[in-house]
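Below: the structure, in structure tokens.
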Amino acid sequence: MTAIAEPKTLSSETPLILGNERKWTDYFGFSTDHKVIGIQYLVTAFFFYLIGGSLATVMRTELATPAPDIVTPDVYNGLLTLHGTVMLFLWIVPAGAGLANYLIPLMIGARDMAFPRLNAIAFWLIPPSGLLLVSSFFFEPPQAGWTSYPPLSLTTGMLGEGIWIMSLLIGGTASILGGINFLVTILKMRVPSMSLTDMPLFCWAMIATSLLILISTPVLAGALILLAFDLFAGTAFFNPTGGGNPVVYQHMFWFYSHPAVYIFVLPLFGAISEVVSVHARKPIFGYRAIAYSSIVISFLGLIVWAHHMFTSGTPPWLRMFFMITTMVIAVPTGIKVFGWVATLWRGKIAYTSAMLFAMGFIALFLIGGISGVMLAAVPFDIHVHDTYFVVAHFHYVLFGASVFGVFMAVYHWFPKMTGRMMNETWGRIHFALTFAGMNLTFMPMHELGLMGMNRRIALYDPQFTDLNVLATIGSYLMAVSTIPFLINAIWSWRYGPKAPANPWRALTLEWQTLSPPAIENFEELPVLKTGPYDYGLGYIAEEDPEELYAHGTPIPAT
Amino acid sequence: MQTLDASFAPLRPLRNYTMQSSIDTTAEGTINIAQEGAASHHEEHPDHRLFGVLVFLCAESMLFMGLFIAYITFRLIATEWPPTGTPSLEILLPGINSLILISSSFVIHKADTAVKKNDVDGVRTWFSLTIGMGVVFLLGQLYEYSNLEFGLRDNLFASTFYVLTGFHGLHVLLGILMMFAVLWRARKPGHYSTENHFGIEAVELYWHFVDVIWIILFILLYLW
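One line per chain: the protein sequences are B and Y, in this order. Just so we're aligned: 241 in the working numbering is position 241 of the first sequence, and the numbers increase by one with no gaps anywhere. Converting from the second sequence to the working numbering requires adding 558 to each position, the first position being numbered 1.
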């Protein structure tokens with residue numbers, strides 16, 4: 001339970017008295033404080049990131065040679081299934097939920113989420129879901145890929161598949177409960193002075209994310225329930241031998257799983273909008289455009305799913321429809337990228353670790369976005385379907401945008417969360433290693449895909465060896481790159497220099513309270529006096545002459 | 559690189575947002591609303607639980623939507639529906655059953671009206687009646703199951719029929735359990751009152767939801 005401080009009389013001189021020290025045991029219990037839950041989410045997610053990353057490293061080791069010599073093809077199937085599922089459902093989704101949990105109430109000036117207990121329940125569904133999934137590796141891992149298409153998934157082993165379904169149902173429930181909480185909190189709990197368009201863009205992104213979660217996750221649950229009936233009760237919804245239709249599963253699955261890629265990336269779109277503006281000391285370029293494009297993305301994201309199924313016998317008119325919607329979704333996404341770049345343009349950029357990751361995010365996401373538009377074109381997609389080109393594409397989006405985004409967010413909000421500064425030198429080393437490793441791993445995969453190397457297979461033609469060796473080296477580099485981050489985070493948490501309340505001189509509300517925030521976030525509910533991104537407009541200048549000619553508005557050339 | 563150093567130097571918080579009541583006007587539509595800071599830090603926020611339930615039910619309806627669309631798709635692409643040899647569904651019993659379930663929505667609404675007049679006895683009466691109607695519905699459905707001449711695995715039509723109705727039945731059962739929970743809580747005098755009756759409203763909302771789902775289900779499975 002949230003510890004509630006005794007009511008005390010407050011005057012304007014009273015410092016924040018509600019206390020911000022926490023016992024470490026709080027983080028292992030059923031706390032209803034959104035800040036504790038946010039950190040629980042982030043740490044749990046990172047734990048699963050390490051697991052998913054280890055699986056990927058084993059896979060890359062296997063792929064260093066054309067023959068399946070390190071692990072058997074069966075084990076490899078299990079590895080790729082678990083790698084995908086763990087990374088998506090236990091790392092990116094909880095990491096985004098963790099950021100949302102931590103930041104939303106602080107950003108909108110609320111004391112907590114709308115439903116604190118529900119929030120804690122949602123979090124505590126994640127560890128069982130994850131441990132269930134990971135434990136399957138020790139007896140019978142699911143082997144049908146993270147998509148689990150029937151009829152393949154009906155033939156690769158009942159136990160593993162059953163565990164996979166169970167784990168996703170639990171994780172999906174957690175996701176839905178979180179989505180309800182985010183949406184209600186943002187819509188109903190803002191301080192009275194904050195209208196929707198005064199909100200930080202992260203909150204806009206979370207509205208869009210929550211809508212997607214609420215609309216699409218239940219459909220996946222429906223598909224999984226039917227799949228479970230096929231597996232265990234002997235029905236034939238998706239089994240062609242019994243008169244069923246596997247393509248219906250694909251539609252239901254992608255109705256969730258395509259919007260899911262926006263569930264993975266939209267929270268980080270929101271986070272980067274905060275980071276670029278603060279670290280470039282400039283108002284965000286096109287606040288409304290970025291805000292509304294999130295909503296447009298979530299709408300369009302719901303009507304593009306069949307572009308994953310161009311080779312599944314989808315009729316041509318339907319392929320045409322989905323090709324066009326898929327290409328159209330590049331427009332709101334492009335608006336966002338344009339907004340971030342225009343924010344950086346002639347800004348007073350501080351090359352902090354957070355900013356470096358933000359720039360890496362923009363660059364890599366751009367590559368992933370462009371290959372995404374390429375894949376939207378039906379003829380090209382049919383050519384490279386299920387090749388490493390697709391693997392390269394979605395890793396540029398999921399790793400380049402989502403994972404870089406999470407690291408960026410951690411570097412940016414770590415002082416707020418822990419009250420300690422992270423070490424910037426190690427942060428930059430982390431960035432350099434991750435960026436290099438990432439590109440070394442995934443860039444060659446574009447070429448491999450165009451050459452025709454199939455994904456999801458443990459062995460390959462010897463002509464692909466050289467590029468695969470390169471990718472494997474890159475993956476080792478990425479594995480190594482987490483070490484400086486881990487050391488930095490753990491060391492800084494304990495011994496880092498104390499962080500002031502507002503180390504980045506940001507204007508959003510989460511920085512207008514202690515670091516780490518008081519138990520109930522704010523002494524007095526804050527009142528907005530500026531917009532969230534009014535940097536360089538003279539607000540700070542009143543008190544800090546140094547900021548008077550902050551870039552953003554050109555210094556008059558007299 | 560002096561920008562770097564400037565941004566690294568941890569600075570004091572530059573602006574204290576709290577306790578200010580001045581309004582300064584600025585150009586370009588920036589936000590300059592300033593109000594009196596809310597006084598207490600233990601202020602209650604309004605009750606958002608019903609809104610939360612509504613959002614949850616919207617999400618839950620997407621689960622049924624997925625299943626419905628799967629059913630419609632299976633049906634549309636089938637060459638023959640239901641497959642030859644499948645005995646046709648009887649309509650009379652499910653029809654009566656539907657009427658009972660739909661009327662129960664009106665009955666449960668009486669409980670809501672009652673609690674708004676602080677009449678907790680009325681809530682007990684109307685909730686008990688709704689529970690009774692829900693149980694009759696479930697028993698009717700079990701009776702129908704036992705008399706059907708096809709089983710879950712017989713063909714795609716049979717599977718979708720059982721899974722859809724069964725899944726809905728599960729929701730009815732949950733609703734009944736929640737109504738029992740409300741009755742249990744209503745033992746304590748003053749637990750539900752004119753101002754404070756979230757549980758009753760939430761269950762009512764849920765029950766209407768279960769009803770609407772049934773209507774769609776009935777049209778899809780029995781009438782179409």
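Here a beta-carbon is modelled for each residue, glycine too, at the ideal position from N, C-alpha and C. This one's a predicted model, so the numbers in the text were calculated from it and none came from an experiment.
State the DSSP-derived secondary structure class of N705/Y, mapped to helix, strand or coil.
helix
Would you say G624/Y faces chain B, with C-beta separation under 8 Å as the test?
yes
Need the endpoints of the alpha helix (DSSP H) that W426/B sits in, please.
E424 to M451
With 9 Å as the limit, tell me which residues of the segment 169–191 of chain B have their beta carbon closer than that to any beta carbon of chain Y; keep them in chain order.
I176, L177, G179, I180, N181, L183, V184, T185, L187, K188, M189 and V191
Provide the residue span of the alpha helix (DSSP H) that contains S492/B, from first to last.
T465 to Y495
Thinking V184/B and L133/B are a contact (beta carbons under 8 Å), I'd like their distance in whole angstroms, please.
At roughly 29 Å, the Cβ-Cβ gap does not stay under 8 Å, so V184/B and L133/B are not in contact.
Is I473/B close to chain Y, meaning its C-beta is less than 8 Å from at least one C-beta of that chain?
no
Against chain Y, with Cβ distances strictly below 8 Å, would G157/B count as a contact?
no
May I ask you to verify whether the segment 242–253 of chain B touches the segment 269–285 of chain B, counting CB pairs closer than 8 Å and requiring at least 3?
no
Our contact map puts S515/B next to M422/B with C-beta atoms below 8 Å; I'd like the distance itself, whole angstroms only.
With a Cβ gap of about 12 Å, S515/B and M422/B do not count as contacting.
Inter-residue Cα distance where the pair is M355/B and V265/B:
18 Å
Along the chain, where does the alpha helix (DSSP H) that runs through Y388/B open and close?
Y388 to V397
Under 7 Å by beta carbon: chain Y residues contacting N245/B:
F632 and I635
Status (buried if at least 16 other CB within 10 Å, exposed otherwise) for G347/B:
buried
What's the C-alpha gap between F795/Y and V730/Y?
Look at the range of chain Y in this structure, 559 to 782, and you will see that residue 795/Y is not part of it.
In terms of alpha-carbon separation, which member of E510/B, T197/B and Y533/B lies closest to I104/B?
E510/B
Check the Cβ of L227/B against every Cβ in chain Y and list those closer than 8 Å, keeping chain order.
Within chain Y, no residue comes near L227/B; the closest Cβ sits about 11 Å away, beyond 8 Å.
By the DSSP assignment, the alpha helix (DSSP H) with Y460/B in it spans what residues?
Run containing Y460/B: none; DSSP gives neither H nor E here.
Flag this pair as yes or no: are the beta carbons of F632/Y and N245/B separated by less than 8 Å?
yes
Under 8 Å, Cβ to Cβ, is there at least one residue of chain Y near F237/B?
yes
Kindly list, in the order they appear in chain Y, the residues whose Cβ is closer than 7 Å to that of M252/B.
G624 and A628
The segment 375–383 of chain B contacting the segment 312–323 of chain B, beta-carbon criterion three pairs below 8 Å:
yes
Assuming A479/B and G53/B make a contact with CB atoms under 8 Å, what is their CB distance in whole Å?
6 Å
With DSSP run on the structure shown, which of helix, strand or coil describes R117/B?
helix
Tell me the start and end of each unbroken alpha helix (DSSP H) in the segment 339–412 of chain B that is at least 4 residues and wholly inside, in chain order.
353–376, 378–384 and 388–397
Going by DSSP, what residues sit across from N521/B in a beta bridge?
A518/B
When you compare the CB of A617/Y with every CB in chain B, is at least one pair closer than 8 Å?
yes
Look at the alpha carbon of P73/B and the alpha carbon of I51/B, and state the distance between them as a whole number of angstroms.
20 Å
I'd like the span of the alpha helix (DSSP H) that includes A636/Y, first residue to last.
Neither: A636/Y is in no alpha helix (DSSP H) and is coded neither H nor E.
Proximity below 8 Å, CB of Y396/B to CB of F442/B
yes
Cutoff 8 Å; reference L763/Y; Cβ partners in own chain excluding five residues on either side
L608, V611, L612 and L615
Identify the contact partners of V761/Y in chain B, using a Cβ-Cβ distance below 7 Å as the criterion.
By Cβ distance, chain B contributes nothing, its closest Cβ being about 17 Å from V761/Y, past 7 Å.
Determine whether the Cβ of F767/Y lies closer than 8 Å to any Cβ atom of chain B.
no
Near M327/B, which residues of its chain fall below 7 Å by C-beta distance, leaving aside the five closest residues on each side in sequence?
V373 and A376
Apply the 10 Å Cβ neighbour rule to S751/Y and answer buried if 16 or more other Cβ atoms are within range, or exposed otherwise.
exposed
Mind checking if L710/Y is an interface residue toward chain B, Cβ cutoff 8 Å exclusive?
yes
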